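Reading through the C-alpha cells given below for one structure.
2 protein chains.
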Amino acid sequence: MRTVGVIVEYNPLHNGHLYHLQQSKKITGADAAVAVMSGHFLQRGEPALADKWARAEMALRAGCDLVLELPVAYSAQAAQWFAYGAVAVLDATGVVDTLCFGSESGDLQALDSAAEALTDEPGELAERLSALLKEGRPYPAAYTAAAQQLLAARGRAELAFALEQPNHTLGLHYLIALRQLGSRIAPFTIRREKSGYAQSDITDAAIASATALRRLLTVSGSWEELAPYVPATTLAILVREAQAGRAPVDWESFARPLFHELLRSDAAELSTFAEVTEGLEHRIRRIFEDLGDFKVGALLDRLKTKRYTRTKLQRTLLRILLGHRKQQLTPEKLASGVEYIRVLGFTPKGRELLHLMRQSASVPVITSAARGHWAFLELDARASAIYALAFRHPDPAAALRDYKQPPVMIL
Amino acid sequence: MRTVGVIVEYNPLHNGHLYHLQQSKKITGADAAVAVMSGHFLQRGEPALADKWARAEMALRAGCDLVLELPVAYSAQAAQWFAYGAVAVLDATGVVDTLCFGSESGDLQALDSAAEALTDEPGELAERLSALLKEGRPYPAAYTAAAQQLLAARGRAELAFALEQPNHTLGLHYLIALRQLGSRIAPFTIRREKSGYAQSDITDAAIASATALRRLLTVSGSWEELAPYVPATTLAILVREAQAGRAPVDWESFARPLFHELLRSDAAELSTFAEVTEGLEHRIRRIFEDLGDFKVGALLDRLKTKRYTRTKLQRTLLRILLGHRKQQLTPEKLASGVEYIRVLGFTPKGRELLHLMRQSASVPVITSAARGHWAFLELDARASAIYALAFRHPDPAAALRDYKQPPVMIL
Numbered sequence: 014m015r016t017v018g019v020i021v022e023y024n025p026l027h028n029g030h031l032y033h034l035q036q037s038k039k040i041t042g043a044d045a046a047v048a049v050m051s052g053h054f055l056q057r058g059e060p061a062l063a064d065k066w067a068r069a070e071m072a073l074r075a076g077c078d079l080v081l082e083l084p085v086a087y088s089a090q091a092a093q094w095f096a097y098g099a100v101a102v103l104d105a106t107g108v109v110d111t112l113c114f115g116s117e118s119g120d121l122q123a124l125d126s127a128a129e130a131l132t133d134e135p136g137e138l139a140e141r142l143s144a145l146l147k148e149g150r151p152y153p154a155a156y157t158a159a160a161q162q163l164l165a166a167r168g169r170a171e172l173a174f175a176l177e178q179p180n181h182t183l184g185l186h187y188l189i190a191l192r193q194l195g196s197r198i199a200p201f202t203i204r205r206e207k208s209g210y211a212q213s214d215i216t217d218a219a220i221a222s223a224t225a226l227r228r229l230l231t232v233s234g235s236w237e238e239l240a241p242y243v244p245a246t247t248l249a250i251l252v253r254e255a256q257a258g259r260a261p262v263d264w265e266s267f268a269r270p271l272f273h274e275l276l277r278s279d280a281a282e283l284s285t286f287a288e289v290t291e292g293l294e295h296r297i298r299r300i301f302e303d304l305g306d307f308k309v310g311a312l313l314d315r316l317k318t319k320r321y322t323r324t325k326l327q328r329t330l331l332r333i334l335l336g337h338r339k340q341q342l343t344p345e346k347l348a349s350g351v352e353y354i355r356v357l358g359f360t361p362k363g364r365e366l367l368h369l370m371r372q373s374a375s376v377p378v379i380t381s382a383a384r385g386h387w388a389f390l391e392l393d394a395r396a397s398a399i400y401a402l403a404f405r406h407p408d409p410a411a412a413l414r415d416y417k418q419p420p421v422m423i424l
Numbered sequence: 014m015r016t017v018g019v020i021v022e023y024n025p026l027h028n029g030h031l032y033h034l035q036q037s038k039k040i041t042g043a044d045a046a047v048a049v050m051s052g053h054f055l056q057r058g059e060p061a062l063a064d065k066w067a068r069a070e071m072a073l074r075a076g077c078d079l080v081l082e083l084p085v086a087y088s089a090q091a092a093q094w095f096a097y098g099a100v101a102v103l104d105a106t107g108v109v110d111t112l113c114f115g116s117e118s119g120d121l122q123a124l125d126s127a128a129e130a131l132t133d134e135p136g137e138l139a140e141r142l143s144a145l146l147k148e149g150r151p152y153p154a155a156y157t158a159a160a161q162q163l164l165a166a167r168g169r170a171e172l173a174f175a176l177e178q179p180n181h182t183l184g185l186h187y188l189i190a191l192r193q194l195g196s197r198i199a200p201f202t203i204r205r206e207k208s209g210y211a212q213s214d215i216t217d218a219a220i221a222s223a224t225a226l227r228r229l230l231t232v233s234g235s236w237e238e239l240a241p242y243v244p245a246t247t248l249a250i251l252v253r254e255a256q257a258g259r260a261p262v263d264w265e266s267f268a269r270p271l272f273h274e275l276l277r278s279d280a281a282e283l284s285t286f287a288e289v290t291e292g293l294e295h296r297i298r299r300i301f302e303d304l305g306d307f308k309v310g311a312l313l314d315r316l317k318t319k320r321y322t323r324t325k326l327q328r329t330l331l332r333i334l335l336g337h338r339k340q341q342l343t344p345e346k347l348a349s350g351v352e353y354i355r356v357l358g359f360t361p362k363g364r365e366l367l368h369l370m371r372q373s374a375s376v377p378v379i380t381s382a383a384r385g386h387w388a389f390l391e392l393d394a395r396a397s398a399i400y401a402l403a404f405r406h407p408d409p410a411a412a413l414r415d416y417k418q419p420p421v422m423i424l
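From first to last, the protein sequence lines stand for chains G and S. Numbered as in my numbering, the first sequence ends at 424 without a single skipped number. Numbered as in my numbering, the second sequence ends at 424 without a single skipped number.
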C-alpha cells in the first residue's frame, strides 16, 4: 500500500486542508494517507478549538486513513522541534513512503538544497548558533540567523528564502528532520494556493485559513458561518462538540488557572518552566501592575515586544499552564525522538496500516495513555486533563479520557 | 495603656466573639485590645468567607483597636505553629500585656501546668515525637501522643485533657509559645459559653459558632439570616462585600485552579508541597478515578480516612493551591518567628498603640506588602492575589491590593 504522510493541526479542518490532502494523495500516487496531528495544544502555543478526538474524526471523514498524535512535547514548539517530532512519528511507523507538505513556492529542490546545506555540517551550524545565543538572541531568531550565515558562507544566500515564510520554514525543517533521522520517506511539496498560513481575512469564496475561520466564529458566534469554508463533516462534528460543551476552547478558557499559576509563582519558580528564558519571568511578574483585566489576550498584548513574538509568548504561557519544566524538555530529550506511536483514529484502510505496523513500526504502537509510562505520554495525558477542565461542565471522566478513550473508528 | 491581645479568625465575627472580646477587656482590665487575625486562609485550611480587610473592619467595629495579620505561613497550621506564630506577633508588638483566650474548662492553672511540663524538657518531648513519627504517625497525632506520654511519665496524666478539645489545645499551645518565646505577656482564659468551636447546629437565640453561621448562609443563601447572631456592623460589612462580588468565598471558589494544579502535577511534584506527606501524593493522584465531579467537597470526602482528617486534608490542598513548598515552611523557618508586623486596621486608640510600637516593637511594623521583602510577606501577598481570583469579577487591581491597600481606619 503506497502511503503518504501529512503533518496537520486541523484547527478546524477546512476546504484548504481538504484540497491539500487530496492533492497529496494524487501527486504521490498514494492509496492511503497517514496524518500526524497535534493533540490539544498547537504549534503556535494555542489550545485547539475542539479536542483531539473530534479533530481526528474530521481528518478521517476528510480522507485520512490513520491519525497519529504528535506529543505535546513537540507540538507546541518552534518549527525545528515541531518538524522533528512529526517526521519522527511518520518515520517510526515504517509504512509511510512519502511526506507531502504545503509551501509558499512549491520549490522542493531549492528547499532541499537549503536543508542539505544546513545538515551537512551540524557542528558548524551549532557553533554559529551557540555564538548568537551567547549574544542574548532568542532561540528561533538565533537559529534563523545562524542558518542564514551558513548559507551565505557557502555561497547559497539565495536559499535564505526558506527561512522567511512560515510554510517554507516548516517544510525546510521537515526536510532537515528526514535527513537527521536518515529516513527513507520521500518528500513532496504542494504550492499553497489561495490563503496564507495565518492570514486572518477571508479572500476566497471557499478557501479560508483556519485562523480566519476561528476569527469568523469569534465575531459571529455561529458555527453556521463556517459552512462555506469547511466540509459538511467538519461542521457537523463542531456543532456536536459545541452542544456537548467541549468547543470552542480558546486561550481565554484557561484564564483562571493561568493567572492563578502566574500569581502564585515567584520569578525563581517561573524560571523553571520550559520557554521561560531571558528574564521573561521578571517581565511576567511586573506586568500585572498595568494589566486592565484578567484576559490572556490582554496579558499577551502587554508582554509583546519586538523581542518576544506573540507566538513565543503563547508557547511560554502554555508551558507554564501545563507545568512543563525545562528539565522535561531538554534538547537531548527532544532529540532522542519518539518512544511510542499513539493512534487517535483509523478507517478500514488505516486498520490495515496498523496491521502492517505490527511488523514495521520501530516503537510500540498504543491506542490509549494507559498503555505505557513514557515521560512524553504522561505529559500528553496531563495536557488532556487540563484541556478538559476548560469544558462547559468539566468532569473527571472527561479529564481521564486519555486513559480510556479508544481510537475513533470510521468503519 | 493596659492592652489585651486576642487571637482570632472572625469568619465572620459573631455575637460569641463580641462577648469574648468584651469579657477579655473586662477581666484583664484592659484599655485597648489588639487582635492578631488570620489573613485570607484559616487555621482549618479553609479560605475566609470575606477578605482580611473586611474582617479587620468587623474587628474594629466590635471593639478591637488594632488588627495585625497572622502570616499564612502560620495561619493554616495545626495548633502548635498557629499558636506560635500568633503569640510571636503579639509578643513582638511590645505593647501587649495580657493574652486572653477561650477554653472549654476555663482552668488556666491546669493548662499552664501542662504547658510547663511540655516545655520543661524540650529534648524529651522531641525524642518521643521523633520515635512516633518514625512509626509513621501523622505529625499532629504524634505530637498529641508524645505529649500524653510525657505528662503520664511525670505523673500528670490528668493534664492530658489539655490535648483533647480544640480550644484547650489552642490555649495550651498559646501558653507553650509564651514560655518558648520568654514572653512577658500574662495569660488569661475565659470559659467558652454556649456554642462549641466547630459546633454546626444553632442552639441558642443569640450565640452560634462561625461554622454554624456559614452553614446557615449556605443553606439559606441570605445574609439576613445571620442577623440574630452577628453584630449589625458585621452584617452590614458582609452585605457590602457580597454586593461588591467579594463574598462569600469558600473552597468551591477555588475548584478550577485546585483541580488544574492536581491534574497537571505528577506525584513527585505534589510531594514537594508543604503538608503532602506519607504518600498522600499517590492517594491524591489515584482518587480521580472515583470522583463524580470537580467539587472540592467531593474530593475531600473521597480523600478522608481515619488517618487523614478533613482539616489535615484541607491544609494539604491549601498548600498545593497556594504553591507553598516544604522547603519554604520548614520547622526551622517557622521557629525563627515573625520578622515583621503587618497592620490591617486601627482605631484612634490603635493609632496610639502604633505610636508606642515605634519604640517597643522588636521587628519592623508595616502597613502594606510593598514595605519589605520577607519570605513570609511574599507568601501573604501571593495568597491575597490567589484569593482575589475567586471574586465574582476578578481584576488585577484586587489581586495586587496587598501592595496598595492602606490599613482600615475607624476614626
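No residue lacks a Cβ here, since even glycine has one placed at the ideal position from N, Cα and C. Because the structure is a prediction, the values reported are computed rather than measured.
Helix, strand or coil at residue i according to DSSP, with G and I counted as helix
i, result
"V80 of chain S", "strand"
"R299 of chain G", "helix"
"Q326 of chain G", "The sequence given here has Leu at residue 326 of chain G, not Gln. Helix."
"G195 of chain G", "coil"
"L357 of chain G", "strand"
"V252 of chain G", "helix"
"I12 of chain G", "This structure does not reach residue 12 of chain G, given that chain G is present from 14 up to 424, and the question cannot be answered."
"V108 of chain G", "coil"
"R169 of chain G", "coil"
"G441 of chain S", "The structure shown does not extend to residue 441 of chain S, since chain S spans only 14 to 424, so no value can be given for it."
"V309 of chain G", "helix"
"G258 of chain S", "coil"
"V49 of chain G", "strand"
"V102 of chain G", "helix"
"I399 of chain G", "helix"
"M370 of chain S", "helix"
"V85 of chain G", "helix"
Status (buried if at least 16 other CB within 10 Å, exposed otherwise) for residue i
i, result
"G292 of chain G", "exposed"
"M50 of chain S", "buried"
"H295 of chain S", "exposed"
"L424 of chain G", "exposed"
"A382 of chain G", "buried"
Sequence-distant residues of the same chain with beta carbon closer than 7 Å to residue i, five excluded per side
i, result
"A199 of chain S", "D110 and T111"
"L55 of chain G", "E22, N24, A61, S88 and A89"
"F307 of chain G", "A268 and F272"
"E137 of chain G", "L163"
"T324 of chain S", "R57 and G58"
"Q161 of chain S", "A173 and L176"
"A219 of chain S", "N28, P241 and Y242"
"A412 of chain S", "A398, A401 and L402"
"R167 of chain S", "A130"
Beta-carbon proximity list for residue i, same chain, < 6 Å, skipping 5 on both sides
i, result
"V85 of chain S", "G52, F54, L392, D393 and A396"
"T157 of chain G", "L176"
"R204 of chain G", "G119"
"M14 of chain G", "D44 and A45"
Close Cβ partners of residue i (< 8 Å) along its chain, the five nearest in sequence each way excluded
i, result
"T380 of chain S", "R355, V356, P419 and P420"
Distance CB(residue i)-CB(residue j) smaller than 7 Å
i, j, result
"N28 of chain S", "E117 of chain S", "no"
"A398 of chain S", "L276 of chain G", "yes"
"A69 of chain G", "V376 of chain G", "no"
"V108 of chain S", "T202 of chain S", "no"
"V80 of chain S", "A72 of chain S", "yes"
"A96 of chain S", "Y187 of chain S", "yes"
"A155 of chain G", "L142 of chain G", "yes"
**contact_flag[the segment 299-314 of chain S, the segment 347-359 of chain S] where n(CB pairs < 8 Å) is 3 or more** = no
**Message:** Taking 8 Å as the cut-off, does the segment 387-394 of chain G touch the segment 263-271 of chain S (at least 3 CB pairs, one atom from each stretch)?
**Reply:** no
**Message:** Below 8 Å, how does it come out for the segment 345-352 of chain S and the segment 360-374 of chain S: are there three or more Cβ pairs, yes or no?
**Reply:** no
**Prompt:** Three or more C-beta pairs closer than 8 Å, one from the segment 280-287 of chain S and one from the segment 401-418 of chain G: is that the case here?
**Reply:** no
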